[in-house]
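Peer 1: What follows is a structure written as C-alpha cells; I'll ask about it next.
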Amino acid sequence: MFTSPQKIMAIYQLTFCYPYLKEYAVTIRHIRDEVEALSGSDWRIVTSGEHVCAIVFETNVGPEQLVSTLGNYGSDSFQFLLTEVAVAVAGYLPPDVWEWVDSRFPRTLKLL
1 MFTSPQKIMA
11 IYQLTFCYPY
21 LKEYAVTIRH
31 IRDEVEALSG
41 SDWRIVTSGE
51 HVCAIVFETN
61 VGPEQLVSTL
71 GNYGSDSFQF
81 LLTEVAVAVA
91 GYLPPDVWEW
101 VDSRFPRTLK
111 LL
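Numbering (the working numbering), first residue to last: 1 to 112.
Set out below in C-alpha cells:
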C-alpha cells in the first residue's frame, strides 16, 4: 500500500530586540498573535524580557508568507531575526520548552 509522504513542518525561531518592553508590548502581542495564527498551538516562548523576546514555532507555511506576515514589524528600534532551525544540538531552556523543541527532531538531544 502506498501512502503519500507527510509534509514535514519547518521549525523557526523568531528573536526580536527592542529598547523597552513597555514601549513595544502591543507590537509583541500582535506578533505573538501572528505566530499563533501561522502555527496553531505549535509554538513556545523561549525567553521574554525587557529588551529581548524569542519564540520558536512549527509551521508548514512557506518562507514567502512568513516574510509577508512578519516582515512589516521591523524597524530601526524594533529589530528581529527569523531563522529556520535545522537541528538543535544542545540547549539550556525551561524543561517544557526543551521538550517541545526536542520532540520536533528525529534524534534524541540532550538538555544541558
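Even for Gly, the Cβ is constructed at its ideal location relative to N, Cα and C.
#1: Taking leucine 21 as the reference, give the member of Glu50, Leu14 and Ser68 with the closest Cα.
#2: Give every residue of the same chain whose Cβ lies closer than 7 Å to the Cβ of serine 39, excluding the five residues on either side of it in the sequence, and list them in chain order.
#3: Using beta-carbon positions only, say whether leucine 93 and valine 46 come within less than 8 Å of one another.
#4: Check whether the segment 93 to 105 touches the segment 69 to 77, counting contact only when three or more Cβ pairs, one atom from each stretch, lie closer than 8 Å.
#5: Are there 16 or more other CB atoms within 10 angstroms of the CB of methionine 1, so buried, or fewer, so exposed?
#6: Straight-line CA distance for threonine 3 to alanine 10?
#7: With 16 other CB atoms within 10 Å as the buried threshold, where does leucine 66 fall?
#8: Taking glutamate 50 as part of the alpha helix (DSSP H), name the residues at either end of that continuous run.
Peer 2: According to the data block:
#1: Here residue 21 refers to the residue found at position 21 of the sequence shown. The option with the nearest alpha carbon to leucine 21 is Glu50.
#2: Numbered from its first residue, the sequence shown carries residue 39 at position 39. Phe57, Glu58 and Thr59.
#3: Reading the sequence shown from its first residue, position 93 is the one you call residue 93. Reading the sequence shown from its first residue, position 46 is the one you call residue 46. A Cβ-Cβ contact shorter than 8 Å links leucine 93 with valine 46.
#4: no
#5: Residue numbering aside, residue 1 sits at position 1 when the sequence shown is read from its first letter. Confidence at methionine 1 is low in this model, with a pLDDT of 44, below 50, so its placement is unreliable and the value that follows should be read with caution. The Cβ neighbour count for methionine 1, taken over all protein chains shown within 10 Å, is under 16; the residue is labelled exposed.
#6: Stepping through the sequence shown from its first residue, residue 3 is reached at position 3. Stepping through the sequence shown from its first residue, residue 10 is reached at position 10. Confidence at threonine 3 is low in this model, with a pLDDT of 43, below 50, so the placement of that residue should be treated as unreliable; the coordinate-derived value is given next. C-alpha separation (whole angstroms): 21 Å.
#7: Mapped onto the sequence shown, residue 66 falls at position 66. By the neighbour-count rule (16 or more Cβ atoms within 10 Å), leucine 66 is buried.
#8: Your numbering for residue 50 matches position 50 in the sequence shown. From DSSP, glutamate 50 is part of no alpha helix (DSSP H); its letter is neither H nor E.
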